[in-house]
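Quick note, in my numbering, the sequence shown goes up one by one and the last residue is 1052. Yeah, the Cβ is synthetic: ideal placement off N, Cα and C, and Gly gets one too. Predicted, not measured: the structure shown is a model, and the values here were computed from it.
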Amino acid sequence: MSVDKGLFNPRQTDTYDFYEGKPAPWNSEEEIERLVPTHCCYCGVQCGMYLKVAKGKVVGVEPRYDFPLNHGMLCPKGTTAYQTVNHPDRLTYPLMRRNGKNSPLERASWDEALDTIARRFREIQGQHGADAVAVYSGSSMTNEKCYLMGKFARVGLGTRHCDYNGRLCMSSATGANDRSLGIDRAANPISDMLHSDVIFVIGANVGECFPIVTSYLWQARDRGAKLIVADPRQTPIARTADVFLPLRSGTDSALLNSMLYVLITENLVDEDFIGARTNGWEETKAEALKYPPERAAKVCGLKPETIIEAARLYGQANAAMIYTARGLEHQSKGVDNGVACANLALATGNFGRPGAGYMTLTGQGNGQGGREMGQKASQLPGEREIEDPEDREYIASIWGIEEVDLPHAGYPATLMIPAMEREEIRACLMICSNPMVSLPDQHTVERALRGLDLFVVIDFFLSETCELADIVLPGNVWAEDEGTTTSLEGRVIKYNQAVEPPGEARRDWEIIGDLAKRLGKGQYFPYTSARDIFDEMRLATKGAKADYFGITYEKIEEQNGVFWPCPTPESTGTPRLYEERFGFPDGKARFHPIPYIPPAEEPDEEYPLVLTTGRVIYHYLSGNQTRRTPFLLEQAPCPWVELHTTMAQKLGINDGDWVTVRTRRGEMTVPALVVRSIRPDTLFIPYHYGHTQAANILTNPVLEPMNKIPEYKVCAASAVRAERAPDWAKDLDPELLKQARRSRKTLPSAGANVGPRVPGVPGA
Ligand SMILES: Nc1nc2c(c(=O)[nH]1)N[C@H]1C(S)=C(S)[C@@H](COP(=O)(O)OP(=O)(O)OC[C@H]3O[C@@H](n4cnc5c(=O)[nH]c(N)nc54)[C@H](O)[C@@H]3O)O[C@H]1N2
Ligand SMILES: Nc1nc2c(c(=O)[nH]1)N[C@H]1C(S)=C(S)[C@@H](COP(=O)(O)OP(=O)(O)OC[C@H]3O[C@@H](n4cnc5c(=O)[nH]c(N)nc54)[C@H](O)[C@@H]3O)O[C@H]1N2
Ligand code: SF4
Ligand SMILES: [Mo]
C-alpha cells in the first residue's frame, strides 16, 4: 500500500522495541513492511490509524488522514496503543490452578485447560441447573465477538445469565434512548456539531475522554457556537464555556427541569414540533413548572441567574446539541437524567436537523455495537428483545434451535455479584472485563468472585480479575484479528489484522468455538473466520432496529464506515436519525415527567463531602492496558484525590499530602491534588487502578432501578490527612509523582489549576 510520506508524524516513537525493551532494529521507514489501516482500540471515537508492521511485529502507528472523523489526529492513548501488542506482559499460554484456590496459576496446554472448563461447566450445570453458569462479557471487543458471546451463552451453555461491562457504562443512556426516542443510538454524526449554534455538554469530560471530538468543538466555537457546560469540575472544555454550571453531583434532573421551566415561562418552546412529533408534553410541562430557578439553584448549589442564562441561551438557538456521558448517567437516577435531557431537546424541536439533537457520548471502543449484538441480559441481536415472541422465533431460526430452547432474560452484570454470593451462580466465563477494578464496592465483588466453583477469564494481560481466576486463557488484542466495531456515531467500521497472536495465544472467537465443540455444541459454531460470524450477524439483525443487513466488509471499506440502520444492499446507511420519525410505532417521541429525586447517599456529619469518580486522559478504563504503557503510566502513575483549595485549607491538607478518603464501604489513602477546578464540597478520584488503589473500594453499589447501573458518580465521603503513606507509596518514584502532579496542574489539556476560580459556586 502506498502512503504519502509527507503525512508521517515525526513525533512518533517507532524505533523502540517494547518487546525487547531496547531500541529497535527497524529504525528507518524503509524497514516497515506494511501499513495496516485500522482504528484505535480504546474509546468510542474509534479514530482511524495505520499500524506499522516490521519483521512480523507491530512497531508503530500513524494516524489516518483518510478517516473522516480524526483527520490525522490521535490522542496520547491512540499514539501509544500499539505498544500493547508486543508487550512483554502478554499472556502467551493458558494458566490454571491445579490444586484448588490457593494453588498458583500454572502453565497448561490448551487441551487441558479447555477440557477442564468443559467438564466442570457440565458438572456444575448437571448438579445445579444450566443457569448456574454465567457469561460476563465486554464491549471493547468487535461486534463479531460480542454477538458470539451472546449466542455462546444461550446456545453453547444454555444459560440465561449473559451480560457485559456496558451495564456499567451505557445502560442509563440506553434506558433514556429507549424511553424517549425509541432507538438506542446517537441521533447525530459528530460532524453535526459544526452546524450547532449552541452546544450543551452535561456530565461529559470531552477534553479528556473524547479528545479528538474536542477538535470539532473548537471548530464549532470558531464558527461562533456558544458552549454551556454542567459539571462539578471545571473540565478542560469548561474553561472556555460561555455558561458554566458547576452543579452538585447527582442533581442534574433538577437543573434540567429548571431549564425547561425557564423555556416554558419565557415562551422558548417549539409548540409546532411538540404538537406534530411528540406525545406526553402536558404532564412533563406540569412537572417542570415545579422547578423555578430559585428552587433548583438551592438543590444544585448554583446561582439562579446562571440557570436562567443557560436556559435562554439554549432556548434561543436555531440548532442546539446536548451531549451527555457518564457524569449524568452513572447515577441511581441515570435513566431519568437522560430522559430529562431528551425532554429539553424535544421541547425546543432540536431533532432531525443538522446540528440539532441529543446524544450520549458512547464510551468504550465498541460501546455502541456491544450494546446491540445480543450479549445483554434481556437482548437478542439487533437490539431485539429476548422476551418478544417474534424476536425469539426469528433468532431461534437463525441459530438453528427451537424457540423453547432459547433461554429467557437473565441477570444484568451488577446483579450477578449478589447471585454469586447466594451461590445461585456458581461458575463464570469472563471475557474483556476487569471487575476487580471496575465494579463498585470491591470488597463484596472480591468475595463473590473468590466464592465461585469455577472462574474462567479470557484476557491478554493478567488483570486484577485474572488473579482470582481458576483458569486464564490468553486471547488476542485488536491488531491480531479482523472484525467490525460501531463508533459513538453509530458508524460501523472495521479493524484489520496486522499480526498473529503471540506464542500460544489465540483469537477470542477461536477459543469460544473450540469450547463450544467440547461442550458438544460445535455444530452451532462452525466459523472459520470473523467474516463468517459477521455474515450470520447481518442476518440476525435483519429487520431489527439496529439493522446491519446491508453492511458488508467491502461497503465499510468503500464508504469509510457505514451508519446503521443499513437495511438493504443498496442502502448507504443513516448518519442522522429522526429526520422524519422517531423509533416508536406511531413515529412520535415521548416526553416523560421527571421529578427530582436526590442521590442515594447525601453528605452527613460523618461523611460531609461528595465523592465522584471518573477518568483522566492518560488511562483507559481499568487501566489493564494503559498502566502497562510507559508514557501513560508516567503521566498518571497512581490515583489521587482532587480537592478544592478552600476545602483543603479547612481540612489542613496541603498539595501532595497523603489523604485518607473514607466512605461507608471502605477507605483508601492517596495523594492530594489541590485545585480550584472542583466544587469545594466535592472530591474526585480517578478509577483506573487496582487493589488498594481502586477507587471502587469507596463507591456505592446502589443501582439505577430500571437498568441497574451503579451510582459511581455520587456517594458521601470524608477526607483527612493520613497518618502515613500507603504501602504502595514506597514503590513510587517521588520525583515522578511530583512531575505528574505538576503536569496535571499545568497541562492545558488536563484542565486543573488554570483559569478562573469556579464561578457561580458559593464559597469558591
Ligand atoms: N481517557 C479516557 N477516555 C475514555 C475512557 C477512559 O477510561 N479514559 N473511557 C471511555 C468510556 S468507557 C467512557 S464511559 C467515557 C466516559 O466519559 P465521561 O463520562 O466524559 O467521563 P467521566 O470521567 O466518567 O465523567 C465525566 C464527568 O462527569 C462529571 N460528573 C461527576 N458527577 C457528575 C454529576 O452528578 N453530574 C454531572 N453533570 N457531571 C458529573 C465529572 O466531573 C467528569 O468530568 O470515556 C471514554 N473515553
Ligand atoms: N468508580 C468508577 N468505576 C467505573 C467507572 C467510573 O466512572 N467510576 N466507569 C465504568 C465504565 S463506564 C466502564 S465502561 C467500566 C469498564 O470496566 P471493565 O470492563 O472492567 O474495564 P476494561 O479495562 O475495559 O476491562 C477489559 C479487560 O479485558 C481486556 N480486553 C480488552 N479488549 C479485549 C479483547 O478484545 N479480548 C479479550 N479477551 N480481552 C480484552 C483488557 O485487558 C481488560 O483487562 O468501568 C466502570 N467502572
Ligand atoms: S480519541 Fe479515543 S479513539 Fe481517538 S486516539 Fe484517543 S482513545 Fe483512541
Ligand atoms: Mo464506559
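Please work out which residues of its chain come closer than 6 Å, Cβ to Cβ, to Val489, disregarding the five sequence neighbours upstream and downstream, and give them in chain order. On the sequence shown, position 201 is the one that residue 489 refers to. Excluding sequence positions up to five before and after Val489, its CB lies within less than 6 Å of the CB of Val517, Tyr611, all in the same chain and listed in chain order.
Using only the alpha-carbon positions, how far apart do Lys938 and Glu712 sit? As a first step, residue 938 is located in the sequence shown; it is residue number 650 there, counting from the start. As a first step, residue 712 is located in the sequence shown; it is residue number 424 there, counting from the start. Spanning the two alpha carbons is a distance of roughly 48 Å.
Who are the near neighbours of Trp506 in its chain, counting only those whose CB is closer than 6 Å to its CB and skipping five residues on each side? In the sequence shown, counting from the first residue as 1, residue 506 sits at position 218. Taking C-beta separations shorter than 6 Å and ignoring five residues to either side along the sequence, Trp506 has no partners in its chain.
Determine the direct distance from the alpha carbon of Met481 to that of Gly1043, and round the result to whole angstroms. Locating residue 1043 in the sequence shown gives position 755, counting from the first residue. Locating residue 481 in the sequence shown gives position 193, counting from the first residue. Residue confidence is low: Gly1043 scores 33 on pLDDT, short of 50, so the model does not pin down where it sits. Its coordinate-derived value is still stated next. Here the alpha carbons of Met481 and Gly1043 stand approximately 25 Å from one another.
Cβ of Gly791 within 7 Å of any heavy atom in ligand 2? Translated into positions along the sequence shown, residue 791 becomes position 503. No; taking the cut-off as 7 Å, the Cβ of Gly791 has no heavy atom of ligand 2 nearer than that.
Identify, in the order they occur along the chain, each residue of the same chain with its Cβ nearer than 7 Å to the Cβ of Ile821, setting aside the five sequence neighbours on each side. Numbered from its first residue, the sequence shown carries residue 821 at position 533. The answer, listed in chain order, is Glu432, Tyr435, Leu436, Trp797, Tyr815.
For Arg455, is the beta carbon positioned less than 7 Å from some heavy atom of ligand 4? By one-based count along the sequence shown, residue 455 stands at place 167. Not so, every heavy atom of ligand 4 lies at least 7 Å from the Cβ.
Is it the case that the Cβ atoms of Val346 and Ala793 are separated by a distance below 8 Å? Along the sequence shown, one-based indexing puts residue 346 at 58. Along the sequence shown, one-based indexing puts residue 793 at 505. At the C-beta level, Val346 and Ala793 stay beyond 8 Å of one another.
Does the CB of Asn848 have a neighbour CB from chain B at under 8 Å? Included in the structure is just one protein chain, with no chain B present.
What did DSSP end up calling Ser479 once you bin it into helix, strand or coil? Looking up residue 479 in the sequence shown gives position 191. In this structure, Ser479 counts as helix in the three-state DSSP scheme.
Does the count of Cβ pairs from the region 493-504 and the region 684-703 closer than 8 Å reach three? No contact exists between the region 493-504 and the region 684-703.
What first and last residue would you give for the beta strand (DSSP E) that runs through Pro918? In the sequence shown, residue 918 corresponds to position 630, counting from 1. Secondary structure note for Pro918: it is in no beta strand (DSSP E), and the uninterrupted alpha helix (DSSP H) holding it is 918-923.
For Asp540, which of helix, strand or coil comes out of DSSP? Reading the sequence shown from its first residue, position 252 is the one you call residue 540. Collapsing the DSSP output to three states places Asp540 in a helix.
Assuming Ile882 contacts Val587 under a Cβ cut-off of 8 Å, what Cβ separation, rounded to an integer in Å, is found between them? In the sequence shown, residue 882 corresponds to position 594, counting from 1. In the sequence shown, residue 587 corresponds to position 299, counting from 1. At roughly 13 Å, the Cβ-Cβ gap does not stay under 8 Å, so Ile882 and Val587 are not in contact.
Would you list the residues sitting across from Met384 in a DSSP beta bridge? Numbered from its first residue, the sequence shown carries residue 384 at position 96. DSSP output for Met384 lists Glu394, Ile759 as bridge partner(s).
Just confirm the distance between the C-beta atoms of Phe532 and Asn848, as a whole number of angstroms; I'd bet it's less than 8 Å. The count along the sequence shown starts at 1 and reaches residue 532 at position 244. The count along the sequence shown starts at 1 and reaches residue 848 at position 560. At roughly 36 Å, the Cβ-Cβ gap does not stay under 8 Å, so Phe532 and Asn848 are not in contact.
Could you tell me whether the region 732-743 touches the region 359-367, where touching means 3 or more Cβ pairs closer than 8 Å? Judged by Cβ distances under 8 Å, the region 732-743 makes no contact with the region 359-367, as fewer than three pairs qualify.
Does any heavy atom of ligand 1 sit closer than 7 Å to the C-beta of Gln663? By 1-based counting over the sequence shown, the position of residue 663 is 375. Answer for Gln663: no, Cβ out of range of ligand 1.
7 Å Cβ shell around Ile799 - same chain, five flanking residues per side excluded: For the purposes of this step, residue 799 is identified with residue 511 of the sequence shown, where counting begins at 1. Excluding residues within five positions, the ones whose Cβ falls inside 7 Å are Ile746, Leu761, Gly763.
I'd like the ranges of any alpha helix (DSSP H) spanning at least 4 consecutive residues and lying wholly in the region 656-728. Within the region 656-728, the complete alpha helix (DSSP H) runs of at least 4 residues fall at 677-687, 701-709, 723-726.
Collapsed DSSP secondary structure at Phe409 in the structure displayed: The residue you call residue 409 lines up with position 121 of the sequence shown. Looking at Phe409 - three-state DSSP - the assignment turns out to be helix.
In the structure shown, what three-state DSSP assignment does Gly417 receive? Locating residue 417 in the sequence shown gives position 129, counting from the first residue. In the structure shown, Gly417 adopts coil according to DSSP, grouped into three states.
Please report the residue range of the beta strand (DSSP E) in which Asp747 lies. Taking the sequence shown and counting its residues from 1, one reaches residue 747 at position 459. Taken as a continuous stretch (DSSP letters only), the beta strand (DSSP E) holding Asp747 covers 742-747.
As a quick exercise: from Leu865, Arg878, Thr901, Thr773, pick the residue whose alpha carbon is nearest that of Thr840. Locating residue 840 in the sequence shown gives position 552, where the first residue counts as 1. For the residues Leu865, Arg878, Thr901, Thr773, the minimum Cα distance to Thr840 belongs to Thr773.
Could you tell me the alpha carbon to alpha carbon distance between Ser428 and Gly655, rounded to whole angstroms? As a position in the sequence shown, residue 428 is number 140, starting the count at 1. As a position in the sequence shown, residue 655 is number 367, starting the count at 1. So the two alpha carbons sit approximately 7 Å from each other.
In angstroms, rounded to a whole number, what distance separates the CA positions of Trp946 and Gly645? Position 658 of the sequence shown holds residue 946. Position 357 of the sequence shown holds residue 645. Trp946 and Gly645: Cα-Cα distance of roughly 44 Å.
What residue from Gly791, Leu921, Glu768 has the CA that sits closest to Cys329's CA? Taking the sequence shown and counting its residues from 1, the one referred to as residue 329 is at position 41. Ranking the options by Cα distance to Cys329, first place goes to Glu768.
Evaluate Ile705 with the Cβ neighbour count: other Cβ atoms within 10 Å of its Cβ, from every protein chain shown; 16 or more gives buried, anything less gives exposed. Within the sequence shown, numbered from 1, the residue matching residue 705 stands at position 417. Result: buried.
Out of Val623, Thr753, Ile320, which one is the CA nearest neighbour of Lys343? Mapped onto the sequence shown, residue 343 falls at position 55. Of Val623, Thr753, Ile320, the smallest CA-CA separation from Lys343 is found for Ile320.
In this structure, does DSSP put Thr951 in helix, strand or coil? Walking along the sequence shown from the start, residue 951 turns up at place 663. Correct three-state label for Thr951: coil.
Starting from Asp510, trace the beta strand (DSSP E) in both directions and tell me its first and last residue. As a first step, residue 510 is located in the sequence shown; it is residue number 222 there, counting from the start. Here Asp510 belongs to no beta strand (DSSP E); instead the alpha helix (DSSP H) covers 501-510.
Using the Cβ count rule (16 or more neighbours within 10 Å means buried), how would you classify Ile885? On the sequence shown, residue 885 is found 597 positions in, with the first residue counted as 1. Label assigned to Ile885: exposed.
Quick one: is the Cβ of Arg659 within less than 7 Å of any heavy atom of ligand 4? Here residue 659 corresponds to residue number 371 of the sequence shown, with the count starting at 1. No, the beta carbon of Arg659 sits no closer than 7 Å to any heavy atom of ligand 4.
By C-beta, the residues closer than 5 Å to any heavy atom of ligand 3, given in chain order: Taken from the N-terminal end onward, the list reads Cys328, Tyr330, Cys331, Val333, Cys335, Leu362, Cys363, Lys365, Gly366, Pro499, Ile500.
Are three or more beta carbon pairs between the region 1022-1030 and the region 962-979 nearer than 8 Å? Segments in contact, no.
Rounded separation between Asp892 and Cys926 - CA only: To locate residue 892, count along the sequence shown from 1; it is residue 604. To locate residue 926, count along the sequence shown from 1; it is residue 638. Linking Asp892 to Cys926 through their CA atoms gives a straight-line distance of about 29 Å.
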